[in-house]
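Protein chains in written order, with the numbering used here: chain Z, 4 to 763; chain A, 70 to 211. Where a beta carbon is used, it is the ideal one built from N, C-alpha and C, also for glycine. The structure displayed is predicted, hence computed values, not measured ones.
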């Protein structure tokens, strides 16, 4: 071979493999603070600083009061506590950072200090922490002890029937809040009624939001359909704020307006929004976000939807982006705000990055881990796909079980889901009919109940939905009308559930920080404060809650394994007879190859994990041995079930000195009499993918070794399947059946087998 | 009735202190039942929050170490009686570039103070007027 005849490769092909992975659809950006692409630190970020004269802030983070922009003014006036500030600002950031991860420093002390810290100071402190430390501090500092979760409930058709069914489903999975929005703005009222009714099926207490234009959203809230709002966005630079068409005062006014209507409310902010809006002032993402969060505490909102949110994807393009999202969430909870911690935008196409993104939140817990989790399919998500979606909901349930972490969700069974979906669709249909809004047909209802997503539904047209929505709005239908309609049509439980939720407004208890409703009770940072002080404190999963979390579907039991084997027993009895004819002896014949079978082989176990009947496997091996010019002898080992020892024992009895050892699950070995137990000739360890042809070739190779030849070893090709995850639980249970039958010191038995009927 | 200051141990009020919770029309929390609603004894008016409830929640928030949240509830308490269209009008005026001069905001503040006795909100709007003037926000954006 010469250079002339072979073109020199100019690329390692692994890069082409990597090009084809979903990860490469993600775009990554270079760190470039001058253009706003810096997660934690920009040379243009100010140094933490605060000048106080009397009780007035004279300068903050390097800006004199006379030069304050609107955001500075608001923070200086309403966030900075002049009593605490001198002490807090004088503390070295590293010392405060250590306090955040010190379980002996109470949360309340850190919250007190945060009241005296400027945005640059807060950012400087959390930037000292590693990702692990941030996650730990987050678990310690979040306001409410019990973690929760929020869902998106939307669909591509704005179909109210599906909305009701999906709302009921989300409620059953345990979401504390559900949030809807529309493809078409005028459908807001239809969405609101549908979700309110759906969320009243099964249990009560799930808070509900209809994300729409500010004035419309307040009106829908006043009509009693919704119970919370989180669309009030704030930004970290003045120009972004103005382009967002608001000011800190207009937003704070709105916050008070929501309170005056008895609606729970949180603001929204997240890294990357200023970058996307083109006014980042060359500051780091974390510093701008620290400004947003101080502003939110200053406005007096109980909480924040925070952690990138719509800016999460752009934040994840820069180095440290995901760590930054965690760091800003930490500032939020340190400022004593409820945190609906993002994890709501599909920030990556890589499922590995998705899993990595969610894990710290799952194990640290959060007021609302996602804001929200796409409970519907990706294409039905009118907010755009979430980090986790209907497609991946079971993965999340399994992560809860893996880490014994409460992610706020509970597995539910298939029958229960169908019952709830039917009930929700029937309840909403009753309301639509009773209020003369629409008459859904049986076909529409049935298609929605079964549908995984709106592609599968035969339901209202877009025009129908708009008409329903506008009628609700124009006729000023309120939640009282809906409750009455439910009751009139016999849906008393749903009527009561909906009334229970609306009644919460009278006392306003759920306006306090981090409030959710659990088992009919308001649970908030006031009556369920996070009291983490190290192991054994803070939120711990109760035994009852653990039972719920671990109860995912289709888990294997020993009974399942025995049941399956029992089914195959009778089939095998019509194919093969095993007849023990006495103790096995060593043979002299040079063509004698012994097949050593395991204790339960054909006695309690009847097929390999690949699904081959053991009769067929024996037939194949014997055929191979015979074709190779040797004779097979079957011996049952009763002193061992281990493949190596089965094979070596067989080899020592064989006249040829070559034996095959095989377990009932299909794992096999070719062995030779004078080798060490684990130093065999050929091992067939991947039983789940070992085919009958492989068993036949194994026989042929054994014969070949017996005749002193050196055959080509048999390769059972693997594509890297996760054999362990697919089969090891079953294999362990099966193998235990083998080992139970071992009788120490028992001698091998010669077995005469008779094949009955034709090969299968 | 003597004035008592509520604390964290009184929370949630609906559960621990139903005696201090009442609707706009004077009904207790236990009066809000499905039967009441179906017989029209309970109306949407009974399902609204009251100024009193917001002030109570402000006391609890303050006791729980959340003074800014308390202030928001107190502003909210003043807004309970402000009609929706007035709220939306003032909100609109507070957005950047809507008011063409400081006077428009000051007039809105006066209305809130005089007509709706919303002194805290009025001061808040006046404060905005000062800041908007300094930051040159009184210019049309569309």
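List the residues of chain A whose Cβ lies closer than 8 Å to the Cβ of residue 260/Z, in chain order.
145, 148, 156, 160
Under 7 Å Cβ-Cβ, which residues of chain A neighbour residue 257/Z?
160
Buried or exposed: which applies to residue 18/Z, given that a residue is buried once 16 or more other Cβ atoms fall within 10 Å of its Cβ?
exposed
By Cβ distance, which residues of its chain are closer than 6 Å to residue 561/Z, with the 5 residues on each side in sequence left out?
736
For residue 488/Z and residue 513/Z, I'd like the C-alpha separation in whole angstroms.
26 Å
Along chain A, which residues have their Cβ under 8 Å away from the Cβ of residue 487/Z?
106, 107
8 Å Cβ shell around residue 367/Z - same chain, five flanking residues per side excluded
138, 139, 141, 142, 145
Chain A residues whose Cβ lies nearer than 9 Å to that of residue 239/Z:
Simply none; closest approach about 16 Å.
Starting from the C-beta of residue 70/A, find all residues in its chain whose C-beta is less than 8 Å away, skip the five residues before and the five after it, and write them out in chain order.
Reliability fails at residue 70/A, whose pLDDT of 46 lies under 50, so the model's placement of it is uncertain and the value that follows must be treated cautiously. No residues qualify anywhere along the chain.
Can the beta-carbon of residue 341/Z be found closer than 8 Å to that of residue 305/Z?
yes
Answer with buried or exposed for residue 15/Z, where buried requires no fewer than 16 other C-beta atoms within 10 angstroms of its C-beta.
exposed
Same chain, Cβ closer than 6 Å to residue 764/Z, five either side skipped, listed in chain order:
No answer is possible for residue 764/Z: the residues shown for chain Z start at 4 and end at 763.
List, in order along the chain, the chain A residues whose C-beta lies closer than 8 Å to that of residue 302/Z?
137, 141
Measuring straight from C-alpha to C-alpha, what distance separates residue 156/A and residue 123/A?
17 Å
Going along the stretch 122-134 of chain A in order, which residues come within less than 8 Å of chain Z, judged by CB to CB distance?
122, 123, 125, 126, 129, 130, 133, 134
Residues of the stretch 286-319 of chain Z with Cβ closer than 8 Å to any Cβ of chain A, in chain order:
300, 301, 302, 303, 304, 305
Helix, strand or coil for residue 308/Z, going by three-state DSSP, please let me know.
strand
Have a look at 65/Z, 386/Z, 460/Z and flag the residue whose alpha-carbon is nearest the alpha-carbon of residue 186/Z.
386/Z
Indicate whether at least one CB of chain Z lies closer than 8 Å to the CB of residue 209/A.
no
Which same chain residues end up closer than 7 Å to residue 688/Z when comparing Cβ atoms and leaving out the 5 residues on each side of it in sequence?
670
Cβ pair residue 393/Z, residue 346/Z closer than 8 Å
no
Taking 8 Å as the cut-off, does the stretch 743-751 of chain Z touch the stretch 639-649 of chain Z (at least 3 CB pairs, one atom from each stretch)?
yes
Residues in the stretch 197-229 of chain Z having any Cβ partner in chain A nearer than 9 Å
217, 218, 221, 222, 225, 226, 227
For residue 706/Z, three-class secondary structure by DSSP:
helix
Under 7 Å (Cβ pairs) to chain A, residues found in the stretch 45-79 of chain Z
72, 73, 76
Around the C-beta of residue 559/Z, are 16 or more other C-beta atoms found within 10 angstroms, so that it is buried, or is it exposed?
exposed
Among 252/Z, 510/Z, 389/Z, which has the Cα closest to the Cα of residue 78/Z?
252/Z
The beta strand (DSSP E) enclosing residue 76/Z, as first and last residue numbers:
It is not in any beta strand (DSSP E) - residue 76/Z instead sits in the alpha helix (DSSP H) that spans 73-77.
Check this for me: beta carbons of residue 438/Z and residue 484/Z, under 8 Å apart or not?
yes
With a threshold of 8 Å between beta carbons, is residue 530/Z in contact with chain A?
yes
Hey, is residue 112/A's beta-carbon within less than 8 Å of any beta-carbon in chain Z?
yes
Could you list the residues in the stretch 148-178 of chain Z with a C-beta less than 8 Å from some C-beta on chain A, going in chain order?
none
Sufficient close CB pairs (3 or more, under 8 Å) joining the stretch 170-185 of chain Z to the stretch 196-211 of chain Z
yes
State yes or no: is the beta carbon of residue 508/Z nearer than 8 Å to at least one beta carbon in chain A?
yes
Determine the DSSP secondary structure at residue 686/Z, reduced to helix, strand or coil.
strand
Are three or more beta carbon pairs between the stretch 153-164 of chain Z and the stretch 460-472 of chain Z nearer than 8 Å?
yes
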